[in-house]
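Each residue of the sequence shown is one higher than the one before, starting from 1040 at the first, in the working numbering.
The next block holds one structure in the form of structure tokens; read it before the comments.
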Amino acid sequence: MYNRLLKYYFAYLQDTPSKVFCQRRNMFLYLLNHAKKQFNFTSPQDWFNPARRMKRKLIVHVGPTNSGKTYRALERLKTSQSGIYCGPLRLLALEVWKKFSDQGIRCNLVTGEERKLIEDGKPVQITSCTVEMANFNTPIDVAVIDEIQMISDHQRGFAWTRALLGIPAKEIHLCGESRAMSLIKWIGERLCEEVEVNTYDRLSPLSIRQNPKPGVKGIKAGDCIVAFSRNNIFSYKNLIESKTKLKCAVIYGNLPPENRAIQASLFNDKSSGYDVLVASDAVGMGLNLNIQRMIFSKMMKFNGTSTQRIPTSLIKQIAGRAGRFGTQYASGVATTFYNSDFHILIEEMEKTIPDITTAWIQPDASLIERATYLFPTLKLDQVLIMLGALAVTGPKFSFEFDYNQLQIAKMLSPLKLPVDVTMTLLFAPFNVRDEEEKAFAYMFARDHATKQLCKLTDYIELPEFSKAPKPKDLDYLEQIHRIASLYIWLSFRFALVYPDCKLALEYRHIIQKHLQLALSN
């Protein structure tokens, strides 16, 4: 990458007069060499002084889905005087917050888009948060970091690495798949911290069986059909409800967490009238579901560029959600909708998933800001590419800005925003591939740059329906919900610029009700 940068820059200068060419080339080479010394990321643990000043112990809980690994860690968290739960999803953070609060444990909820804080002046025992919101300054007794294998995720893995390296807790409980164990041990040795490993077996049996009655006529209560697009999910729902007497709940990624929780509750409640669940791969994480059979509609999935076989780790994670200890479906079955796909399921379930070898890192905003001053003539996205190329990382650590961040940087480059604001907006939660979302994000940033007050009603209005909303309204409702959520995220970080957080929360709550009505229809 370093050599490619040189080649690119010299090609850019090829029509420059020779004297100017030499001056610019020499300056560029000087800056590059200086930058390589500045951006040495071989010891990312040194970014977190409070954690380095503590004697910490890493306690690893590894095992398959439905093995009780996270339950054990949460039981320890309950008994601590001070602690934090870091989950991969707002839904999981909300679930832990609710469970602890219902048990009389003083617990705060902190996510990028939601705060539920106890503000009576008395100490709060636990904070439940999404992993990106972890606190690195206040020493605590116990931290639980869930789904630690996501440390290798290109887009979000840096948040798990930061939590592992940086939370100042006496005990760090790491829950996840066994393939993360060797990397955690290596990191523990590097930190000179004790590592304790606890392995768990599945609490309920899981069998892989060929579907004795393939197709829609074999569907029965307690089944979950996994499909990989919203259109397919509703196609299967309509097919099942038209050909059988069964009623289907649905869960998919674009559905807000609150609506997913309602749909899960309807499916789990056998008196609700909902017998079957049709879901995307979102079913693999974050919800407790009483599933007897996990049925894969297909074994292929579109990954954004091409249609490929579902990754082995995802197949195992989804299949493992069948059968749940302590429910009427203690034994689980994984199968396929069509028997022609069954051999693929067998092959994938028999595979051993390779160990994770890489933890992704990302420097804080101050280091990125330093890079913008080093290369003042470059646009922000070019600075990020340059930083990714120049950064020196140690073994088993990787660093690179992802596609989303580079596209956001490109969008923000023409705007005259303070550097600290720009750095915050790089992590804004919106889909850059969705043109509507991107347009709203740009409008927020543009008005922020011109010192305008960003009133929510200048951007979106609540939808009005003369009749109950229908499934055809889902697209619009989900989009408005995402825009309101983005506004809330911005408001938590820039309250003076985005003052309508309370109104946005009300909007979101009303939209969730509309969505539930649309799903019911």
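Note that the Cβ used here is the ideal one computed from N, Cα and C, for glycine as well.
Note that the structure is a prediction, hence the values are computed from the model and not measured.
Exercise. How big is the Cα-Cα spacing for Met1425 and Leu1516?
Worked result: 39 Å
Exercise. Rounded to a whole number of angstroms, what is the C-alpha to C-alpha distance between Tyr1124 and Thr1346?
Worked result: 36 Å
Problem set entry | Rounded separation between Ile1301 and Tyr1412 - CA only | 49 Å
Exercise. Which runs of the beta strand (DSSP E) fall wholly inside the region 1385 to 1431 and span at least 3 residues, in chain order?
Worked result: 1398 to 1400
For this session: Within the region 1454 to 1493, note down every full beta strand (DSSP E) run reaching 3 residues or more, in order along the chain.
Result: none
For this session: For Met1450, name the three-state secondary structure that DSSP assigns.
Result: helix
Exercise. Which residues in the same chain have their Cβ closer than 6 Å to the Cβ of Ala1448, if we skip the five residues on either side of it in sequence?
Worked result: Leu1419, Asp1420, Leu1423
For this session: Within its chain, find whatever has a CB closer than 7 Å to the CB of Leu1464; leave out the 5 residues flanking it on each side and keep chain order.
Result: Ile1447, Leu1451, Ala1484
Problem set entry | Phe1436 - containing alpha helix (DSSP H), residue span | Note, Phe1436: premise wrong, no alpha helix (DSSP H); beta strand (DSSP E) at 1436 to 1438.
Exercise. From Lys1282 to Leu1558, what distance separates their C-alpha atoms?
Worked result: 19 Å
Exercise. So which of Leu1113, Gly1257, Pro1083, Leu1203 has the shortest CA-CA distance to Leu1097?
Worked result: Leu1203
Exercise. Can you tell which of Phe1335, Thr1489, Asp1185, Lys1256 has its C-alpha closest to the C-alpha of Phe1376?
Worked result: Phe1335
Exercise. Excluding sequence positions up to five away, which residues of its chain have a Cβ less than 6 Å from the Cβ of Ala1358?
Worked result: Met1333, Ala1373
Exercise. Can you name the start and end residues of the alpha helix (DSSP H) that Ala1182 belongs to?
Worked result: From DSSP, Ala1182 is part of no alpha helix (DSSP H) but of the beta strand (DSSP E) over 1179 to 1184.
Problem set entry | Local conformation of Met1040 per DSSP, three classes | Bear in mind that a pLDDT of 48 at Met1040, under 50, signals an unreliable position, so the model cannot answer this.
Exercise. What are the boundary residues of the beta strand (DSSP E) that Leu1245 is part of?
Worked result: 1245 to 1247
Problem set entry | Sequence-distant residues of the same chain with beta carbon closer than 6 Å to Val1536, five excluded per side | His1487, Cys1493
Problem set entry | For Thr1461 and Tyr1051, the rounded distance between their alpha carbons | With a pLDDT of 48 at Tyr1051, under the threshold of 50, the modelled position of this residue cannot be trusted; read the value that follows with caution. Approximately 27 Å between the Cα atoms of the pair.
Problem set entry | Per-residue burial, Glu1153 [other beta carbons within 10 Å of its own, 16 or more giving buried] | buried
For this session: Taking Pro1393 as the reference, give the member of Ser1191, Arg1115, Arg1091 with the closest Cα.
Result: Ser1191
Exercise. Grouping DSSP H, G and I as helix and E and B as strand, with all else coil, what is Cys1146?
Worked result: strand
Problem set entry | Status (buried if at least 16 other CB within 10 Å, exposed otherwise) for Pro1508 | buried
For this session: Say whether the region 1243 to 1261 touches the region 1108 to 1119, bearing in mind that this needs 3 or more beta-carbon pairs closer than 8 Å, one atom from each stretch.
Result: no
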